[in-house]
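In full-length UniProt numbering, the protein residues as written are 1 to 347. Don't be surprised by glycine CBs; every beta carbon is placed ideally from N, CA and C. Working notes, beginning with the structure itself.
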Ligand SMILES: NC(=O)N[C@@H](CC(=O)O)C(=O)O
Ligand SMILES: [Zn+2]
Ligand SMILES: [Zn+2]
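Below, the structure is given as structure tokens:
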């Protein structure tokens, strides 16, 4: 008989999809990520967006300056792709050594995406350069057409955009970000090795019922939106399969409490505070704790061509209550599982 696991020591993980914001918000949330992760791919959807290497270098400095003194954390920067991103900008990004990906936001798809790409046809030069220099495209993979049902936007993006894109640029390195459907998991699994995906903890733990349990739950609203249970099950299967194409990306996306608990609430869940606890819970429920280290600590680094971390972290089986709110630049932030018990704790 197997003994239940009470403690788990793994190589220190990285977060391959993270929103850190800027200014006071950055100062508020950065310690949570720096405590849990050695590195993170930092999303560029600021206002104004991080569209150039020069802006990415400045943003990186602001992140380093906001780190707690004892922190050991490296931000990995990204550029925000627009219709006007030039070949030279991609080459500058590659040469900088600090930019690790270029983010595709279809215009209007999500938070701060209005300067995003209106038509991938406008980005041919930039995509050619990315394919040539080996700069990954990080895709928020949802169509924006209002005639497409919100629950179908990821699946339709695969047919309309992802397949044609990879046909035109077969060696382009692509990360299908925050996958939420069985369709995306299957697509990535059968794609060549230059295509990978990040998976959030919340999409492993929740389905669309969680947005409406006992009344509307604004803190469970994010994009891509939570899907049916069958999709959650497919994501768990992919993440716990040991397939190196699937790796950890929290998509932790802080928004002040009053902007989520509003008539028109923002999309995004704040999970950085308890990220590894949530992933441990999802992997334990799947009976796959032995697969957590590859997913959280190895496969992302391997895909990005970066060294694996050498330090370790320990998670213990211990019940504790997540606070109801956290300070957020003179405001507050409601973390996922606020006021609820978690059964894993990172030491
Ligand atoms: N995931 C979200 O719901 N929101 C993200 C944007 C994104 O990753 O699409 C944000 O920046 O708030
Ligand atoms: Zn996104
Ligand atoms: Zn995101």
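Taking the Cβ of residue 140 as the reference point, at least one heavy atom of ligand 2 falls within a distance shorter than 6 Å. Bounds of any beta strand (DSSP E) do not take in residue 65; it lies within the alpha helix (DSSP H) bounded by 53-66. Proximity to residue 42 across 138, 305, 217 peaks at 138, based on C-alpha coordinates.
When secondary structure is reduced to three states using DSSP, residue 44 falls in the coil class, being assigned neither helix nor strand. Placement of the Cβ of residue 198 at a distance of 6 Å or more from every heavy atom of ligand 2 is found. Assignment of beta-bridge partners to residue 325 by DSSP yields no partner. Remark: the shortest separation between the CB of residue 118 and any heavy atom of ligand 2 does not fall under 6 Å. Between residue 295 and residue 304, the alpha-carbon positions lie close to 14 Å from each other. Shortest Cα-Cα distance from residue 81 to any of 258, 71, 93 involves 93. Ranking 108, 269, 60, 117 by CA distance to the CA of residue 85 puts 117 first. In the structure shown, the three-state DSSP call for residue 84 is coil. A residue is called buried once 16 or more other Cβ atoms fall within 10 Å of its Cβ, and residue 135 is buried on that count.
Secondary structure note for residue 196: its beta strand (DSSP E) is the uninterrupted segment 195-199. In the displayed model, residue 9 falls within a strand according to three-state DSSP.
Going by DSSP, residue 346 is part of the beta strand (DSSP E) stretching over 341-346. Proximity to residue 26 across 46, 344, 201 peaks at 46, based on C-alpha coordinates. Residue 49 and residue 112 have their C-alpha atoms spaced approximately 8 Å apart.
Under the rule that a run must span 4 or more residues, the alpha helix (DSSP H) segments found entirely inside the stretch 228-267 read 229-239, 257-260.
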